[in-house]
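A short worksheet on the structure shown next.
Spelled out as structure tokens, the structure:
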């Protein structure tokens, strides 16, 4: 089928953006810049049907705004506040969005890591009403991946979350689309950029407090840096990867966790001077049918595959049955890479639809 | 659609194996071990309809042999010699294979790098008769990728070649399936394992001759090691990647080539002692709309991303517009990884068919 006839057949890809932080604001210009590409390659251009944010309201635009027409110099949210219809809350936003023809919810709200709420509630509602859902939110996936995937299947919808681990670097999609039947046996990874950065700054002579302050300044560490440094962020990611790539049924509390809180600067510097720096390592493997996953500090010897991870670089190595050991590296990611992961999930959904 | 109904609808995946060297012999047990997986996931199990080899004849098996039933202890070729029908040559093999219902040719003949023949001729014939083609043969792809892809499109067939660069590590498929619209701007890579191995052995004190002899013993270097050491192998791979990932229209002779022949052991050791070892680097980038690709020895400084490549490890770094820098590493590949790349191409073809 050629592109023109495809485009004529398919309704536009109407999207709802729930949450309007850094990732959403990086995603909109990316959607705009890839709008023509989407038209050419997928036969549809993305249209934004609503933007919802807890602080600034939930706004539905009945007709929708083509991503390519979003103004560059003005915060796109203003247009939705001005020309859209406000609704009361996230649930009403999903319902009203569905009513104006939205097909996909992009869920980018702020995270409550301990139970994945309220994002989990929103994702359930959206899937229940037959919307596809893309999330960059680790909580709901780590806590309820299998439930949400089963719900999506029943609704003939898609639930995608590539960005939750190493941003847009294809890990979830790699396994699904390009390493079929490879037999992943284990992985070992540096998945938390804040802890890598803080450790490498302490190695360079910073105090722990100064290193944390600097990581916040750089926009790497969250308001509560201990979510990263105590290993919770890595636990969420490890849970998602273990459940996705190693067919696990883990909840986050089943991942053994030890953060870097109790490491002294002396210990950190001594290890680095001995050319075996300490990093927060995530790993999972099967042993006698038991899936064992853990996050804990470990020393990286000279030949360790994870040594490529400098500064905020993330790295993962897989042991596979058919392909031996392979590694993927994401060098110094920013929010741009997270937005790209969301975009790549959208493309996956649109491709599926076009087939 | 559930798996059972899918399976009932689809004819078996009948394959022709042309060429019967290391890769083919590693592929057959892999197909056997993944037969059940294929049935479950794709609704079809692979069936071998013929094996053709220049030295031992071209054998068509009218009914076909299910991969899972291939005998483990006996060379599978014997079964085809015994129970199959011999034909005269590769062209007749393709024609007779098509007549018994084969849908995909797996082309694994030996390489003539200078013009890609005779593999190129076989691939053309197969595509012309409407077969899908998978090849692990760099020559035909480097010399005629765009022609063959256009021919495949006209015939509504697929032409796939993941294994030609870094074996089964998804590079071709990565760009096609999991990094949509990422905007790859350049790459830099160690793609030739023989030269990496020989250089690292010279660093360790081997003479060049001994290093080459050892690389042959290990089954890494070919009978003519200078195809690798003069950079031809890397040129083929660089051509394929540039044409696939950077939308190039290059032929191999448009890639600047400088091998490691003229490097003295002293020079190699001095660089390694200064912690900037020399490796054969492949790279390509666009400059003013011109695609520049080259293969030449270069020093890897301490922080070079390619430093992860020890021994025979292959590594590639991409600069992308939307995802910054990402790298992929294949640790010490063997023929097993090449066979997996062929298998992953087969899965891609079968998935497409099942949709």
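Protein chains in written order, with our numbering: chain A, 7 to 361; chain B, 7 to 361. Ideal Cβ positions, reconstructed from N, Cα and C, are used throughout, including at glycine.
Assignment of alpha helix (DSSP H) within the segment 169 to 230 of chain A, counting only whole runs of 4 or more residues, yields 199 to 209, 214 to 223 in chain order.
If you keep only unbroken alpha helix (DSSP H) runs of at least 4 residues inside the segment 54 to 98 of chain A, you get 82 to 89. Within the segment 176 to 203 of chain A, the residues whose Cβ lies closer than 8 Å to some Cβ of chain B are 176, 179, 180, 183, 184, 185, 186, 187, 188, listed in chain order.
Beta-bridge analysis with DSSP links residue 166(A) to 140(A). Contact between residue 193(B) and residue 298(B) is absent: CB atoms are separated by about 12 Å, not below the 8 Å threshold.
With fewer than 16 neighbouring CB atoms inside 10 Å of its own CB, residue 42(A) falls in the exposed class.
Here residue 276(A) is exposed: its Cβ has fewer than 16 other Cβ atoms, across all protein chains shown, within 10 Å. In terms of beta-carbon proximity, residue 349(A) lines the interface with chain B, with at least one pair separated by less than 9 Å. DSSP places residue 115(A) outside any alpha helix (DSSP H), giving it a letter other than H or E. Under the three-pair Cβ rule at 8 Å, the segment 247 to 264 of chain A does not count as touching the segment 201 to 210 of chain A.
Taken through DSSP and simplified to helix, strand or coil, residue 250(A) comes out as helix. By the neighbour-count definition (other C-beta atoms within 10 Å, threshold 16), residue 294(B) is an exposed residue.
Remark: C-beta atoms of residue 97(B) and residue 131(B) approach each other more closely than 9 Å.
Taking 9 Å as the threshold, the shortest C-beta distance from residue 171(B) to chain A does not fall below it. DSSP places residue 47(B) in the uninterrupted alpha helix (DSSP H) bounded by 41 to 48. The C-beta distance from residue 103(A) to residue 56(A) rounds to 5 Å, short enough to fall under 8 Å. For the segment 31 to 49 of chain B, the residues whose beta carbon sits under 8 Å from a beta carbon of chain A are, in order, 36, 40, 43, 44, 47. For residue 353(A), the C-beta contacts it makes with chain B under 9 Å involve 186, 187, in order along the chain. Of all residues in the segment 324 to 343 of chain B, only 326, 327, 328, 329, 330, 331, 332, 333, 334, 335, 336, 337, 338, 339, 340, 342, 343 place a beta-carbon less than 9 Å from a beta-carbon of chain A. Proximity of the segment 126 to 145 of chain B to the segment 214 to 233 of chain B falls short of the contact definition, fewer than three beta-carbon pairs being nearer than 8 Å. Listed in chain order, the non-local C-beta contacts of residue 226(A) below 7 Å within the same chain comprise 199, 200, 203, 318, local neighbours out to five positions each way being set aside. The three-state reading of DSSP puts residue 335(A) in strand, counting E and B together.
Chain order gives the chain A residues near residue 346(B) as 188, 328, 329, where near means a beta carbon separation below 8 Å. Residue-level contact check: residue 225(B) does not touch chain A, since none of the beta carbons of chain A fall below 9 Å from its beta carbon. At a C-beta separation below 8 Å, residue 27(B) has no neighbours in chain A, since its nearest C-beta there lies roughly 19 Å away. Per the Cβ contact rule, the segment 329 to 341 of chain A is in contact with the segment 170 to 180 of chain A (3 or more Cβ pairs under 8 Å). In the DSSP annotation of this structure, the continuous segment of the alpha helix (DSSP H) that includes residue 131(B) starts and ends at 125 to 134. In the DSSP assignment, the residues bridged to residue 301(B) are 263(B), 288(B).
Residues of the same chain with a CB within less than 6 Å of the CB of residue 74(B), apart from the 5 flanking positions on each side, are 38, 41 in chain order. Apart from sequence neighbours up to five positions away, the residues of its chain that approach residue 91(A) with a beta-carbon distance below 6 Å are 66, ordered along the chain.
At a C-beta separation below 7 Å, residue 145(A) has no neighbours in chain B, since its nearest C-beta there lies roughly 24 Å away. For residue 20(B), the enclosing beta strand (DSSP E) stretches over residues 19 to 24.
Cβ-Cβ distances below 8 Å link residue 329(B) to 185, 188 in the same chain, with the five nearest sequence neighbours on each side left out; the list follows chain order.
Chain A places a beta carbon closer than 9 Å to that of residue 311(B), counting this residue as a contact.
Leaving aside the five residues that flank residue 354(A) on each side, the residues in its chain whose CB is nearer than 7 Å to its CB run, in chain order, 166, 179. The beta carbon of residue 305(A) sits closer than 6 Å to those of 277, 282, 284, all from its chain and outside the five residues before and after it, given in chain order.
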